[in-house]
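Engineer: Sending over a structure as structure tokens; questions will come in a sec.
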Amino acid sequence: MRGVDRFVDTVRCFRIHAVGEVIAILSCEQLLGLEDTHVVALDAAWCLGDCRLHPLTVQALARLRADAREAGFDLRVVSGFRSFERQAAIWNAKASGLRPVLDAAERPIDTSTLDDAALLFAILRWSALPGASRHHWGTDMDVVDATLLEPERPVSLKVADTRDEGMFAALHRWLDERIASGQAHGFFRPYTGTGCKVAPEPWHLSFAPLAWVCQRSFDPLALATVHRRAGLALRAVIEASREQILQGYFDVPAALYARALADYAVAMEQEVGAG
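Below, the structure written as structure tokens:
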């Protein structure tokens with residue numbers, strides 16, 4: 360916890376000159392995915408499709424991509440910022456059976472056998488509650504090694520592809536090493552299967568310095584207000600279970616941030632000292 364304590368006072372007043380303007384802590388609307396004024400478009404060579412991230416995340420991503428390139432990988436973003444509207448569309452499609460809902464082994468579930476509460480928590484295993492998605496913040500992204508992609512073939516993110524002899528296993532072994540050694544430029548994996556009930560997502564990286572502040576600044580009452588007028592499927596069970604949802608599927612333990620925060624704080628101090 361020392362890493363978090365060391366960093367939190369600095370990051371609460373965090374200001375940095377990026378993209379020609381001073382970037383401040385996110386507003387309530389930005390945290391909920393209702394506004395996108397805090398994100399910028401990535402260069403086409405950095406991503407697949409149109410992806411946006413917070414400028415601070417972009418700066419750190421530039422360093423991570425450069426390191427990946429030296430190691431022989433073309434690390435690209437396949438999903439960055441996602442609006443409340445987009446997350447709600449995904450949510451409603453899964454709740455209505457228009458998109459598959461997967462079990463822990465990534466197999467489709469027969470949702471017709473589930474009551475509303477069971478369906479809610481089945482969806483949460485792989486998809487965030489609209490308004491409570493880390494992708495709203497511009498701090499989080501899903502990544503692949505583009506050198507291994509086949510032209511015109513849709514990208515499919517599966518855990519099996521990140522392990523053993525999987526398609527992206529080499530990239531993830533490299534990321535494992537960078538994160539463990541404190542050389543991931545502030546990035547960490549929020550969904551590892553420990554400390555949070557979301558299924559493990561090795562491809563999901565989060566920029567800890569800003570994500571920590573976003574998580575600490577999050578307002579559950581504001582989320583409840585938005586949900587009352589959002590037209591979400593399963594609204595009744597969401598309202599009845601909101602506290603349980605946030606504790607189990609939104610709150611990432613501070614211990615998971617700690618190493619990335621401490622390492623990034625050291626890097627900042629060294630950069631200031633060198634300047």
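Here the working numbering is used: the first residue of the sequence shown is 360, the next is one more, and so on. C-beta: ideal position from N, C-alpha, C; glycine also. Computed from a predicted model, the values in this text were never measured in an experiment.
1) Within 10 angstroms of its Cβ, does PRO489 collect 16 or more other Cβ (buried), or is it exposed?
2) Can you find the residues in the same chain that come closer than 6 Å, C-beta to C-beta, to HIS531, ignoring five residues on each side of it along the sequence?
3) Got a sec, what are the start and stop residues for the beta strand (DSSP E) PHE566 sits in?
4) With SER438 as the anchor, note down where its alpha helix (DSSP H) starts and where it stops.
5) How long is the line joining the alpha carbons of GLU511 and LEU473, rounded to whole angstroms?
6) Would GLY497 and ASP622 qualify as a contact pair, given that the criterion is a beta-carbon distance under 8 Å?
7) What residues in its chain sit with their C-beta under 7 Å from that of SER486, if we drop five residues either side in the sequence?
8) Does PRO513 pass the burial test, meaning 16 or more other C-beta atoms within 10 Å, or should it be called exposed?
9) Would you check if the region 440–448 and the region 564–571 touch, i.e. whether three or more CB-CB distances between them fall below 8 Å?
10) Tell me where the alpha helix (DSSP H) around ASP475 begins and ends.
11) Contact between the region 610–619 and the region 459–478: three or more CB pairs below 8 Å?
12) With burial defined as no fewer than 16 other Cβ atoms inside 10 Å of the residue's Cβ, what is the status of GLY590: buried or exposed?
13) Assuming the contact rule is C-beta atoms closer than 8 Å, LEU593 and LEU478 should be a hit. Round their C-beta distance to whole Å, please.
14) Would a C-beta distance cut-off of 8 Å place LEU516 and ASP501 closer than the cut-off?
15) On the DSSP letters alone, give me the boundaries of the beta strand (DSSP E) that ILE503 sits inside.
16) Note down, in chain order, each residue of its chain lying with its Cβ closer than 7 Å to the Cβ of MET627, except the 5 sequence neighbours on either side.
17) With C-beta atoms as the reference, is PHE546 less than 8 Å away from TYR616?
18) Since CYS406 and ARG435 are thought to touch, with beta carbons under 8 Å apart, how far apart are those beta carbons, to the nearest angstrom?
Structural biologist: In terms of the structure at hand:
1) In the sequence shown, the residue the question calls residue 489 occupies position 130. Buried: at least 16 other Cβ atoms inside 10 Å.
2) Within the sequence shown, numbered from 1, the residue matching residue 531 stands at position 172. So the list reads THR521, PRO561, once near-sequence residues are dropped.
3) For the purposes of this step, residue 566 is taken as residue 207 along the sequence shown, with counting starting at 1. That run of the beta strand (DSSP E) goes 563–566.
4) Taking the first residue of the sequence shown as 1, we reach residue 438 at position 79. Counting along the chain, SER438 falls outside any alpha helix (DSSP H), though it belongs to the beta strand (DSSP E) covering 434–438.
5) Translated into positions along the sequence shown, residue 511 becomes position 152. Translated into positions along the sequence shown, residue 473 becomes position 114. Computed Cα separation, rounded: 36 Å.
6) Residue 497 sits at position 138 when you count from the first residue of the sequence shown. Residue 622 sits at position 263 when you count from the first residue of the sequence shown. No, these two residues do not count as a Cβ contact at 8 Å.
7) Numbered from 1 along the sequence shown, position 127 holds the residue referred to as residue 486. Same-chain partners within the cutoff: ILE449, TRP450, LYS453.
8) As a working note, residue 513 is residue 154 in the sequence shown. Under this definition PRO513 is an exposed residue.
9) no
10) Taking the sequence shown and counting its residues from 1, the one referred to as residue 475 is at position 116. Taken as a continuous stretch (DSSP letters only), the alpha helix (DSSP H) holding ASP475 covers 475–483.
11) no
12) Position 231 of the sequence shown holds residue 590. It counts as exposed.
13) The count along the sequence shown starts at 1 and reaches residue 593 at position 234. The count along the sequence shown starts at 1 and reaches residue 478 at position 119. That belief holds up - the Cβ atoms of LEU593 and LEU478 are roughly 7 Å apart, short of 8 Å.
14) Start at 1 with the first residue of the sequence shown, and residue 516 comes out as number 157. Start at 1 with the first residue of the sequence shown, and residue 501 comes out as number 142. Against a cut-off of 8 Å, the Cβ pair of ASP501 and LEU516 comes out as a contact.
15) Residue 503 sits at position 144 when you count from the first residue of the sequence shown. This sequence places Val at residue 503; Ile is not what is there. It spans 499–504 - the beta strand (DSSP E) in which VAL503 sits, taken as one unbroken run.
16) Taking the first residue of the sequence shown as position 1, residue 627 is located at position 268. There are no such residues.
17) One-based indexing of the sequence shown puts residue 546 at position 187. One-based indexing of the sequence shown puts residue 616 at position 257. Contact flag unset, no.
18) For the purposes of this step, residue 406 is taken as residue 47 along the sequence shown, with counting starting at 1. For the purposes of this step, residue 435 is taken as residue 76 along the sequence shown, with counting starting at 1. Indeed, because the Cβ distance is near 5 Å, the residues count as touching under 8 Å.
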